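Numbering (full-length UniProt numbering), first residue to last: 1 to 988.
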């Protein structure tokens, strides 16, 4: 029965009808009986006719019998069918559930693959761009390079190299002489002097070796214009950082923003992002005012091609346009624009004055809602589009560049990494909103003084020969600093020797260092991608000078270096994802998931940002960025500036602006990381300065800035990013030496300060650091050494075209900062690295009154003066000590005479060298006695009086004696009077 229940319907239908066969048998038997009976009485034909009649004409009983059989058979078949149907349906339900489950899994995989398919294609496009031709995608780029190296005349360079070699040789002979001719009567002074001289000589040699292959560069703007029109130029995002509106005037930030918006660059390809790290409503309101004023200022600059395009710098120029016969329409429009700018300044000053009185309940916006940044240490992220809405146009009806206000989230317990963290936040926001191929970094007060600076940078970054491997273009920075009391010598360009000598020399190796501002970056280099080296190497330094750059040929032979960005294997192609079996699709899906996880560990948990980072950005246009909804982009932009976004990622460690322990040194470490990956940088020095500081700084401001730079240099020197040992084997030797001299320069402040104190000690004690009796050989050696030093300096100034006055200002600043800011930074950095103690030094204790800011003569005096701080104690002490020693030695020589003036003249020469370097500093220190502290005013009298009283006593062997006890008082008064006259003469 069980087997019959499992039979199919066809088998059931083929079952024979046993009832019919039995009836047929019975009928046959009856016929045979009838036929036998009828045989006796009838014929055979009658029997056949009867049988045929019975088969053809069935009786009702037979029909009823057959009907009952059919009913029984159909009943059994229906029951079996129901049982089979029930079993089949139950099995089918199980299979349907299983298929639905598998279908949901496949749909989820398909959705994931579709979402990541675009990312995969962009990754392979980027891989082709990095390792392939590196072109702009259309294959018809310019043949001629957009920039070129201008070699320095060979005879000037050869003479300079010979002078450097001669100086090094004479230094070796000099140290041999110093060792074999010790000073026996003052061994400790002699040993200290030799140690300081050796230290300074080694520091000079490390700094001089990278200077042996300097180079100049030239840009070809006409070729850029003919090859790339405004539509083909790459997008540029300008990142401006502002930290504290209390210390950073909002008018300076507004001028910087206005100069960026008015730059000579297509408005559709230019965007400006301002980071307000203090979340100050004053900065936000100032930027709103700047956005309104930009609608008039930007078209005015474009129509008349004015320079510079920062309104404060432009209107400060004393140009008489009527005398130059300018167009009357221009003169009229300029006057109207100047009135508009004065009104703009009045509104900014009103906002500044209003911000000094903070309401008890915090600031409130115009719509009545509280300002989110009332608590500067605990506030949410804020992003506001100030320019860039649909319909935003200038007064002429043309498009304006976009302007964004960004304030990243601040929460207690998170490290915010100061300026480097703010720049990384701006980098992510700009990638989501505009994603310009290149990024410019500016400080709040560095205005654009050359409207074509961005096009100058494009000549390097979009160059068809070297553009693929250029990570950034550094411009020199001009900063006005008052250093002297002379009316013709009141300002200088900070670091003339550094920018015009050191940076050009590094440009001849692998490129200049990044100095923190005025730099245009390749966005891909900031993301940690390695460069795409060009096939030809025509733009490189000629082979005959390649031996100067040890390790350079090895680096150039490598097609790719270590990239910080994870890449897919070559087998993970999009063709495998789109076709193939289910198993292959599953494998591709797992590889994609692993790749996405690696990208999230690298870039962070933002799909939109990862897509923008992998988007191909050719030199001839914008990026191939996946289009996301505006609401989604806004959420992502807020997400990428949160405090926790960088947690468990490589931001600040392997790419972006690098975070150095202590909060400083990230600028140098950022450029060092890019150079270690194989990128090269370029140094651009256009005829008109590209960027200039808006504020005019005094020597006190420069001391404070020098202190910050020195502390930052010590921070990177004592961190894992130290260029002396970090990234071993990835940099040419001379490039590494150049980085070492940049970060290790504060260490030279120790021998410099000690050596500046030795002349005073020698003059006051009668000892000497040189032998008393110098032979003719010794005299010739010293004369040759001094001649070699002068010759090397003169030849360096010749090929660099640095004026002698600028070099002398730089030397004075080197001595002043080396004995103050750098000296303090060495101890501060050592305590922070070894003991974890953060020691701060006061840099300014004198506040500026409002009357000073409005008085021009007071402003000039302030720039010439030096505000008192703790950093001024060492240079002031060294100056007064050498001055007192010179006065004592000369007075005693005039009154009593010496057996030999030779040793005294040598001591006086060293003391004169110290006084000459610090004399301008002393003038600034005593320029305004009403602003000097109480202790600084009697320093002159107390110091000279104490020294005079000390030396009226009996002096030991070899020292200066001032006579018998009967004349001590008179000698002291005369010495004090002479010292006072000399100090007053020096100080004016």
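Just so it is clear, CB atoms sit at the ideal spot from N, CA and C, and this is done for glycine as well.
Here the structure is a predicted model, which means the values were calculated and not measured.
{"Item": "Taking the alpha helix (DSSP H) that residue 59 falls in, what are its first and last residues?", "Value": "Here residue 59 belongs to no alpha helix (DSSP H), and DSSP marks it neither H nor E."}
{"Item": "From the DSSP output, in three-state form, read off residue 241 for me.", "Value": "strand"}
{"Item": "If we ignore side chains and look at the alpha-carbon of each, how far apart do residue 770 and residue 201 end up?", "Value": "17 angstroms"}
{"Item": "Can you name the start and end residues of the beta strand (DSSP E) that residue 446 belongs to?", "Value": "446 to 448"}
{"Item": "Taking the straight line between their C-alpha atoms, what separation do you get for residue 812 and residue 330?", "Value": "45 angstroms"}
{"Item": "Which runs of the beta strand (DSSP E), 3 residues or longer, sit entirely within the segment 400 to 437?", "Value": "402 to 407"}
{"Item": "Specify, as a first and last residue, the run of the alpha helix (DSSP H) that residue 778 falls within.", "Value": "776 to 800"}
{"Item": "Answer yes if the segment 396 to 406 comes into contact with the segment 267 to 274, meaning at least three C-beta pairs across the two stretches below 8 angstroms, and no otherwise.", "Value": "yes"}
{"Item": "Specify the secondary structure class of residue 650 as computed by DSSP and reduced to three states.", "Value": "coil"}
{"Item": "Checking the sheet assignment: what are the DSSP bridge partners for residue 470?", "Value": "680"}
{"Item": "Could you tell me the alpha carbon to alpha carbon distance between residue 381 and residue 243, rounded to whole angstroms?", "Value": "15 angstroms"}
{"Item": "Would you decide whether residue 397 is buried or exposed? Buried here means 16 or more other CB atoms lie within 10 Å of its CB.", "Value": "exposed"}
{"Item": "With 9 angstroms as the threshold, decide whether the Cβ of residue 502 is near any Cβ in chain B.", "Value": "This model lacks chain B altogether, as it is built from one protein chain only."}
{"Item": "Check residue 643 in the structure and name its three-state DSSP category.", "Value": "coil"}
{"Item": "Ignore the nearest five residues each way along the sequence and tell me which others in residue 352's own chain have a CB closer than 7 angstroms to its CB.", "Value": "250 and 282"}
{"Item": "Helix, strand or coil for residue 940? Go by DSSP, reduced to three states.", "Value": "Note that residue 940 scores 49 on pLDDT, short of 50, meaning its location in the model is unreliable and no value can be drawn from it."}
{"Item": "Cα-Cα, which of 280, 334, 317 and 289 is closest to residue 303?", "Value": "334"}
{"Item": "Between which two residues does the alpha helix (DSSP H) holding residue 196 run?", "Value": "187 to 208"}
{"Item": "Considering only C-alpha positions, which residue in the set 885, 610 and 349 is nearest to residue 435?", "Value": "610"}
{"Item": "Going by Cα to Cα distance, which pick from 151, 642 and 161 is closest to residue 410?", "Value": "642"}
{"Item": "Using CA atoms only, rank isn't needed, just tell me which of 765, 415 and 275 is closest to residue 238.", "Value": "275"}
{"Item": "So, under 8 angstroms CB-CB, residue 714 and residue 815 are touching, yes? Tell me the CB distance rounded to an integer number of Å.", "Value": "Incorrect: roughly 19 angstroms between the Cβ atoms, too far for contact."}
{"Item": "Return the residue from the list 613, 464 and 605 that minimises the CA-CA distance to residue 525.", "Value": "613"}
{"Item": "Could you give the distance in angstroms between the alpha-carbon of residue 180 and the alpha-carbon of residue 712?", "Value": "40 angstroms"}
{"Item": "Could you spell out the range, first to last residue, of the beta strand (DSSP E) harbouring residue 811?", "Value": "Counting along the chain, residue 811 falls outside any beta strand (DSSP E), though it belongs to the alpha helix (DSSP H) covering 804 to 818."}
{"Item": "With respect to the alpha helix (DSSP H) encompassing residue 711, which residues constitute its N-terminal and C-terminal limits?", "Value": "699 to 717"}
{"Item": "For the alpha helix (DSSP H) containing residue 688, name the first residue and the last one.", "Value": "Premise fails: residue 688 is in no alpha helix (DSSP H) and is neither H nor E."}
{"Item": "Who are residue 271's beta bridge partners in DSSP?", "Value": "237 and 402"}
{"Item": "Thinking just about the alpha-carbon of each residue, which of 149, 793 and 754 is nearest to the one in residue 465?", "Value": "149"}
{"Item": "Using DSSP bridges, identify the partner residues of residue 384.", "Value": "405"}
{"Item": "Sorted by chain position, which residues of the same chain lie with C-beta nearer than 6 angstroms to residue 347's C-beta, five sequence neighbours on each side aside?", "Value": "289"}
{"Item": "Among 519, 446 and 420, which has the Cα closest to the Cα of residue 457?", "Value": "519"}
{"Item": "Give the DSSP bridge partners of residue 521, in chain order.", "Value": "439 and 472"}
{"Item": "When we look at the beta-carbon of residue 702 and count the other beta-carbons within 10 Å, is it buried (16 or more) or exposed?", "Value": "buried"}
{"Item": "Assuming the contact rule is C-beta atoms closer than 8 angstroms, residue 255 and residue 311 should be a hit. Round their C-beta distance to whole Å, please.", "Value": "6 angstroms"}
{"Item": "So, for residue 879: in the same chain, excluding its five sequence neighbours on each side, which residues have a beta-carbon less than 6 angstroms away from its beta-carbon?", "Value": "918 and 922"}
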